[in-house]
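Novice: Per my numbering, the sequence shown starts with residue 1, numbered consecutively.
Virtual Cβ for every residue (Gly too), placed ideally from N, Cα, C.
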Amino acid sequence: MNVLEHVSLKEKTTLHVGGTARYFIATEDVEGAVRFAKGKDLSVWVLGGGSNIVLPDSEINVVAIQVLEKGNKILEETHDSVIIEVGAGESLDTFIQHTVQKGYWGLENLSLIPGTVAGLAVQNVGAYGIEASSYIESVCVFNIKKEKFETIKNNKCCFGYRTSIFNTSKKGSYIIYSITLKLSKIPKPMLEYRSIKNFKENPTQQEIRNKIIEIRRGKDLDPEKIWSVGSFFKNVEVSSLENHTLSDTVKNSVFAIEGGYKIPSAALIDDLSMKGLCVGDACISDRQANMIINKGNATAIDIQKLFKKVQRKILLETGIELCNEPEFL
Ligand SMILES: Cc1cc2nc3c(=O)[nH]c(=O)nc-3n(C[C@H](O)[C@H](O)[C@H](O)COP(=O)(O)OP(=O)(O)OC[C@H]3O[C@@H](n4cnc5c(N)ncnc54)[C@H](O)[C@@H]3O)c2cc1C
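Spelled out as C-alpha cells, the structure:
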C-alpha cells in the first residue's frame, strides 16, 4: 500500500479547487487503508472522481482513500437481463460505454457523467429522465467502524432525489467497494425527457448515447473543457406553488412530479439575470444557469461566496431556498 503525504487534491477534482490531504492512499486494499487511518487516529475520507465535491483551500487532516477496485463481472444472465457487479473505482462513463457495446440497457442516458461507479449510489445519479436507483440491486461496502464487508440491498439505501444513506444518515460510515446492477437485454429506450423526447424512431443504444453526449457537450457539461461539478444547485421539489413568488417564465418551466412540482433551479437563477455573475474566478455559467464554473483560479471561498450570493437573492425574491448538489467538505 502506497501512503502519500500532503497530497494536492485540486487536480483530482473536476472543479480544480482544493488544498491537500494529510495522507492519500489509492488502493484496492480498503481494509488496510482503514487500519492505517485508525493507527494514525485520523478520519477516513473517500475520494472518487472528484466530480461532486468542493474541497477547502487548506489541508484536510484525514486519510483520503481512493478506491481502485475496477472491472466488472456478470453474476447472473437470462434471456432478458444481466446482473452485473462493477468495481466502485471504475470510471462511470467507461462502464456505460461497456454496457452499450454489450447491449445491456439502462444506463445509456447517464452517458458522459464524470466520476466513478461509486458516485452512482452516493447521490443516486440521474439525468435525462432516469435515476441510478432503478438499476441498482445492491451495494457492497466496507463498514469502517466494524471493519468488515457488508451488502446493502437497494431498499435499504433510501434512494431519493440526489440522495441515499451514503450522503445522509450513513455518510462517512462506509467505503463503497462495488455495485451490483440489473440491466435489460431487451431494448428499453427511455426517451420521455424533454430534450430527447422521441428524437428518433427506434434508436439504438449507441444512438441514444451519442445524442446525450452531443447535448451535454453543448451545455458546458464536458469536464475536459469546463471546470465544474455539473449542476451546483439542486432543482426544487415543492408540494404547492402557492407560497412562492414565481414569474410566468419560471412557472412555464415547472413540471409536475408525484406529490407536487419540480422547479428547475436554472430557471430561477436565469430569471433573476444571474448568468455570468462572478466572485473572483468562480462564475455562474453563461450557458447553464445552475452551474458554477471555475474560470481558472477560483478558491473554495470564492465558490462558497457565489453560492451564498445566489442562494440569498433567490430566497429574497421567491421565498425558495436553493440547496447545493455537491458536498462542501
Ligand atoms: C460536468 C459534470 C456533469 C455532471 N452531470 C451530472 C448529472 O447529469 N447527474 C448527476 O447526478 N450528477 C452529475 N454530476 C455530478 C457527479 O458527476 C456525480 O455526482 C458523480 O457520481 C460523482 O462521483 P465521483 O466519483 O466523482 O464522486 P466524488 O466527487 O469523488 O465524491 C462525491 C461524494 O461521494 C463520496 N464517495 C466517492 N466515492 C466513494 C466510495 N467509494 N465510497 C463511499 N463514498 C464515496 C465522497 O466522499 C463524496 O462525499 C456532474 C458532474 C460534472 C463535473
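#1: Fully enclosed by the region 236-279, which beta strand (DSSP E) runs are 3 residues long or longer?
#2: Per DSSP, GLU131 is paired with what?
#3: Just to confirm, is the Cβ distance from THR151 to LEU246 under 8 Å?
#4: GLY48: buried (16+ other C-beta within 10 angstroms of its C-beta) or exposed?
#5: May I ask you to check if the CB of TYR174 is nearer than 7 Å to at least one heavy atom of ligand 1?
#6: Tell me whether PHE166, by its Cβ, gets closer than 7 Å to a heavy atom of ligand 3.
#7: Taking the alpha carbon of SER8 as the point to measure from, which residue in LEU55, GLY32, SER43 has its own alpha carbon closest?
#8: Hey, quick one: how far does the alpha helix (DSSP H) through LYS313 stretch, first residue to last?
#9: Can you list, in chain order, the residues of its chain with a C-beta nearer than 7 Å to that of ILE257? Leave out the 5 residues immediately preceding and following it.
#10: Is the beta carbon of TYR104 sitting closer than 8 Å to the one on LEU183?
#11: Under 7 Å from any heavy atom of ligand 1, does the C-beta of GLU327 make it?
#12: So, using beta-carbon positions, are GLN145 and SER169 closer together than 8 Å?
#13: Excluding sequence positions up to five away, which residues of its chain have a Cβ less than 7 Å from the Cβ of VAL100?
#14: From SER58 to HIS6, what distance separates their C-alpha atoms?
#15: Whose C-beta lies closer than 6 Å to the C-beta of ASN381 among residues of the same chain, with five residues either side of it excluded?
#16: Got a sec: does ligand 1 put a non-hydrogen atom nearer than 7 Å to the Cβ of GLN123?
#17: Is the region 28-35 close to the region 60-69, with three or more CB pairs under 8 Å?
#18: Just how far apart, CA to CA, sit ALA118 and ASN154?
#19: May I ask you to report which of helix, strand or coil DSSP gives ARG22?
#20: Using the C-alpha atoms, what's the distance from LYS73 back to PHE95?
#21: Identify whether ASN155 lies in helix, strand or coil by the three-state DSSP scheme.
#22: Do ILE113 and ligand 1 come close, with the Cβ less than 7 Å from some heavy atom?
#23: Nearest CA to the CA of GLY160: which residue from GLY280, ILE130, LYS10, SER43?
#24: Can you tell me which of the three DSSP states PHE233 falls into?
#25: Rounded to whole angstroms, what is the Cα-Cα separation between VAL250 and GLU242?
#26: Might you give, ordered along the chain, the residues of its own chain that have their beta carbon closer than 7 Å to the beta carbon of SER178, omitting 5 neighbours on each side?
#27: Taking the beta carbon of SER231 as the centre, do at least 16 other beta carbons fall within 10 Å, making it buried, or is it exposed?
#28: Considering only the alpha carbon of each residue, which of VAL17, LYS156, PRO326, SER81 lies closest to ASP302?
#29: When every heavy atom of ligand 1 is checked, does at least one fall within less than 7 Å of the C-beta of LEU272?
#30: So the candidates are SER138, LEU268, SER195; which of them puts its Cα closest to the Cα of ASN321?
#31: Are the Cβ atoms of ARG287 and ASP220 separated by less than 8 Å?
#32: For LEU334, which three-state DSSP category applies?
#33: Under 8 Å, do ASN297 and PHE233 count as touching if we go by C-beta distance?
#34: In the DSSP output, what is SER81 paired with across the bridge?
#35: Suppose you measure from the CA of LYS102 to the CA of PHE199; what does that come to, to the nearest Å?
Specialist: With the given structure in hand:
#1: 236-238, 255-257, 260-263
#2: What you label residue 131 is simply residue 131 of the sequence shown in a count that begins at 1. Bridge partners of GLU131: GLY126.
#3: As a working mapping, residue 151 is identified with position 151 in the sequence shown. As a working mapping, residue 246 is identified with position 246 in the sequence shown. Cβ atoms of THR151 and LEU246: not closer than 8 Å.
#4: Taking the sequence shown and counting its residues from 1, one reaches residue 48 at position 48. It is buried - the Cβ of GLY48 has at least 16 other Cβ atoms within 10 Å.
#5: Indexing the sequence shown from 1 puts residue 174 at position 174. Checking every heavy atom of ligand 1 against the Cβ of TYR174, one is found closer than 7 Å.
#6: The model on display carries ligand 1 but not ligand 3.
#7: By 1-based counting over the sequence shown, the position of residue 8 is 8. When only C-alpha atoms are compared, the closest one is LEU55.
#8: Here the question's residue 313 lines up with position 313 in the sequence shown. Start and end: 300-318.
#9: Against the sequence shown, residue 257 aligns to sequence position 257. So the qualifying residues of the chain are GLU237.
#10: Within the sequence shown, numbered from 1, the residue matching residue 104 stands at position 104. Within the sequence shown, numbered from 1, the residue matching residue 183 stands at position 183. Taking the C-beta atoms as reference points, LEU183 is found nearer than 8 Å to TYR104.
#11: If you number the sequence shown from 1, residue 327 lands on position 327. True, at least one ligand heavy atom lies under 7 Å from that Cβ.
#12: If you number the sequence shown from 1, residue 145 lands on position 145. If you number the sequence shown from 1, residue 169 lands on position 169. In the sequence as presented, Gln is not what sits at residue 145; that position holds Lys. Result no, Cβ atoms of LYS145 and SER169 do not sit closer than 8 Å.
#13: For the purposes of this step, residue 100 is taken as residue 100 along the sequence shown, with counting starting at 1. Cβ within range, chain order: GLU108, GLN205, GLN206, ARG209.
#14: Within the sequence shown, numbered from 1, the residue matching residue 58 stands at position 58. Within the sequence shown, numbered from 1, the residue matching residue 6 stands at position 6. Those two C-alpha atoms are separated by around 11 Å.
#15: The structure shown has nothing for residue 381, since the chain only spans 1 to 329.
#16: Counted from its first residue, the sequence shown places residue 123 at position 123. Result yes, Cβ under 7 Å from ligand 1.
#17: Counting Cβ pairs under 8 Å, three or more are found: they touch.
#18: If you number the sequence shown from 1, residue 118 lands on position 118. If you number the sequence shown from 1, residue 154 lands on position 154. Their Cα atoms are separated by approximately 14 Å.
#19: Locating residue 22 in the sequence shown gives position 22, where the first residue counts as 1. Three-state result, ARG22: strand.
#20: In the sequence shown, counting from the first residue as 1, residue 95 sits at position 95. In the sequence shown, counting from the first residue as 1, residue 73 sits at position 73. Going from the Cα of PHE95 to the Cα of LYS73 covers about 11 Å.
#21: Here residue 155 corresponds to residue number 155 of the sequence shown, with the count starting at 1. Correct three-state label for ASN155: helix.
#22: Taking the first residue of the sequence shown as 1, we reach residue 113 at position 113. Checking every heavy atom of ligand 1 against the Cβ of ILE113, one is found closer than 7 Å.
#23: Counted from its first residue, the sequence shown places residue 160 at position 160. The candidate whose alpha carbon is nearest that of GLY160 is ILE130.
#24: The residue labelled residue 233 in the question sits at position 233 within the sequence shown. Residue state, collapsed to three classes: strand.
#25: Numbered from its first residue, the sequence shown carries residue 250 at position 250. Numbered from its first residue, the sequence shown carries residue 242 at position 242. Going by the C-alpha atoms only, they are around 13 Å apart.
#26: On the sequence shown, residue 178 is found 178 positions in, with the first residue counted as 1. For SER178, where only same-chain residues beyond five positions count, the Cβ hits under 7 Å are GLU69, GLU85, VAL86, GLY87, ALA88, CYS140.
#27: For this step, residue 231 is matched to residue 231 along the sequence shown. Buried is the call here.
#28: Reading the sequence shown from its first residue, position 302 is the one you call residue 302. Here the closest residue by C-alpha is VAL17.
#29: On the sequence shown, position 272 is the one that residue 272 refers to. Answer for LEU272: no, Cβ out of range of ligand 1.
#30: To locate residue 321, count along the sequence shown from 1; it is residue 321. The question names Asn, yet the displayed sequence has Glu at residue 321. The residue with the shortest Cα to Cα distance from GLU321 is LEU268.
#31: Here residue 287 refers to the residue found at position 287 when the sequence shown is read from its first residue. Here residue 220 refers to the residue found at position 220 when the sequence shown is read from its first residue. Contact: yes.
#32: Missing from the structure shown is residue 334; the chain here goes from 1 to 329 and no further.
#33: For the purposes of this step, residue 297 is identified with residue 297 of the sequence shown, where counting begins at 1. For the purposes of this step, residue 233 is identified with residue 233 of the sequence shown, where counting begins at 1. Not closer than 8 Å, so no.
#34: Locating residue 81 in the sequence shown gives position 81, counting from the first residue. In DSSP, SER81 forms a bridge with SER184.
#35: The residue labelled residue 102 in the question sits at position 102 within the sequence shown. The residue labelled residue 199 in the question sits at position 199 within the sequence shown. Answer to the nearest angstrom: the Cα atoms are 23 Å apart.
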